[in-house]
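Which chain is which? The protein sequence lines are L and W, in order. At position 102 of the first sequence (counting the first as 1) the number is 102 in the numbering used here, and the numbers step up by one without a gap. In the numbering used here, each residue carries its 1-based index in the second sequence increased by 1000.
There are 2 protein chains.
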Amino acid sequence: MRRRVAEARVGRLATVTPNGLPHVVPCCFVLEGDTVYSAVDHKPKSTFNLARLDNLRATGLASLLVDHYEEDWARLWWVRLDGTGRVEEGGDTRERALGLLAAKYEQYRRQMPAGPAVVIEITTWRAWP
Amino acid sequence: MRRRVAEARVGRLATVTPNGLPHVVPCCFVLEGDTVYSAVDHKPKSTFNLARLDNLRATGLASLLVDHYEEDWARLWWVRLDGTGRVEEGGDTRERALGLLAAKYEQYRRQMPAGPAVVIEITTWRAWP
């Protein structure tokens, strides 16, 4: 379960808006222990995309899904990490996040993320099947 | 945008629990107009997985993400469908859902879903980039 999450190249981050609506975006991330780091990077963004930051600031709630799909449904799996999420605009934690992300993603080594880091402290691991 | 959603084999469905927590699961689905149909099928389920049904019954809120990941980040995209979601335990709407799902997925033609259908009426389409 931990290996599947650590090796995944993309996850889907679900948050809740201040009005209680569900919100979900794909995101690159890195796992360290029971912490997930993500970043707002140089991929071109619409304003919608940054709603995740507003949601985390407002609610502090995050759920990250890592899953595998293929046409042989006997081989499907998912792992879901529920926890608290926060936004780090700068400082040591953001630097640590960027370092770990750059170590995992060659794309980040070529261009470091310019925006804040997202930090999720995992409280619950769930896996299927 | 519509073609990308219609052709996608898997999406990620975000809901909100009765307690206001984010929840997200992968799901197979079919698009018809501005309606998305999904089903609870024969893939082995844990009790966690059915939380989506409780969430839809409690809140009626759903957000379905369809996205594409590859290592060339210039080719990433996503489409997100926000709307209202409900659970159909039986009746014509569930039958229609199962028929459309079976037409799209050969896996469903071999074994029809035994559980309820999920119906999402899309109110907002968003796409990136």
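The C-beta atom is built at its ideal place from N, Cα and C for all residues, glycine as well.
W:L1021 versus W:R1003 - alpha carbon distance: As a first step, residue 1021 of chain W is located in the second sequence; it is residue number 21 there, counting from the start. As a first step, residue 1003 of chain W is located in the second sequence; it is residue number 3 there, counting from the start. In a straight line, the C-alpha of W:L1021 is about 31 Å away from that of W:R1003.
In angstroms with no decimal places, state the Cα-to-Cα distance between W:E1032 and W:E1070. The sequence position of residue 1032 of chain W within the second sequence is 32, counting from 1. The sequence position of residue 1070 of chain W within the second sequence is 70, counting from 1. Roughly 27 Å separates the two Cα atoms.
Name the DSSP beta bridge partners of W:T942, please? Lying before the first or after the last residue shown, residue 942 of chain W is absent from chain W, which here runs from 1001 to 1129.
Span separating the alpha-carbon of L:Y37 from that of L:L101: Position 37 of the first sequence holds residue 37 of chain L. Position 101 of the first sequence holds residue 101 of chain L. The alpha-carbon atoms of L:Y37 and L:L101 are separated by roughly 8 Å.
Measuring alpha carbon to alpha carbon, tell me which of W:L1050, W:V1025, W:D1054, W:V1079 ends up nearest W:E1007. On the second sequence, position 7 is the one that residue 1007 of chain W refers to. Closest by alpha carbon: W:V1079.
Threshold first: 4 residues or longer. Then list the alpha helix (DSSP H) segments lying entirely within the stretch 92 to 120 of chain L, N to C. 92 to 104, 106 to 110
Leaving out five residues on either side along the sequence, give the residues of the same chain with a beta carbon under 8 Å from the beta carbon of L:R75. Numbered from its first residue, the first sequence carries residue 75 of chain L at position 75. The residues are H68.
Using 7 Å as the cut-off, classify the Cβ of W:M1001 as near or not near the heavy atoms of the ligand GTP, replying yes or no. In the structure shown, the ligand GTP is absent, as is every other ligand, since no ligand is present at all.
Does chain W have any CB closer than 8 Å to the CB of L:P22? Here the question's residue 22 of chain L lines up with position 22 in the first sequence. By this cut-off, L:P22 is an interface position.
Cβ distance (whole Å) where L:L53 is taken to contact L:V87 below 8 Å: As a position in the first sequence, residue 53 of chain L is number 53, starting the count at 1. As a position in the first sequence, residue 87 of chain L is number 87, starting the count at 1. Contact holds; Cβ gap of about 5 Å.
Given L:G115 as reference, the closest of L:G90, L:W125, L:Q107 once Cα atoms are compared: Numbered from 1 along the first sequence, position 115 holds the residue referred to as residue 115 of chain L. Closest by alpha carbon: L:G90.
Any idea if L:A97 is buried or exposed, counting beta-carbon neighbours within 10 angstroms, 16 or more meaning buried? Start at 1 with the first residue of the first sequence, and residue 97 of chain L comes out as number 97. With 16 or more other Cβ atoms within 10 Å, it is buried.
Within the continuous alpha helix (DSSP H) that includes W:E1007, where are the two ends? Here the question's residue 1007 of chain W lines up with position 7 in the second sequence. From DSSP, the alpha helix (DSSP H) with W:E1007 extends over 1002 to 1007.
Return the CA-CA distance between W:N1019 and L:M112, expressed in angstroms with no decimal places. Against the second sequence, residue 1019 of chain W aligns to sequence position 19. Against the first sequence, residue 112 of chain L aligns to sequence position 112. Those two C-alpha atoms are separated by around 37 Å.
In whole angstroms, give me the CA-to-CA distance for W:V1016 and W:D1041. Here the question's residue 1016 of chain W lines up with position 16 in the second sequence. Here the question's residue 1041 of chain W lines up with position 41 in the second sequence. If I take the Cα positions, the gap works out to 21 Å.
Cβ pair L:R12, W:V1024 closer than 8 Å: The residue labelled residue 12 of chain L in the question sits at position 12 within the first sequence. The residue labelled residue 1024 of chain W in the question sits at position 24 within the second sequence. Cβ distance < 8 Å, so L:R12 and W:V1024 count as in contact.
So is W:D1082 buried or exposed if we call it buried at 16+ other beta carbons inside 10 Å? Counted from its first residue, the second sequence places residue 1082 of chain W at position 82. With 16 or more Cβ atoms within 10 Å of its Cβ, W:D1082 is classed as buried.
Please confirm whether W:R1012 has its beta-carbon closer than 8 Å to some beta-carbon of chain L. In the second sequence, counting from the first residue as 1, residue 1012 of chain W sits at position 12. It does; some Cβ of chain L falls within 8 Å.
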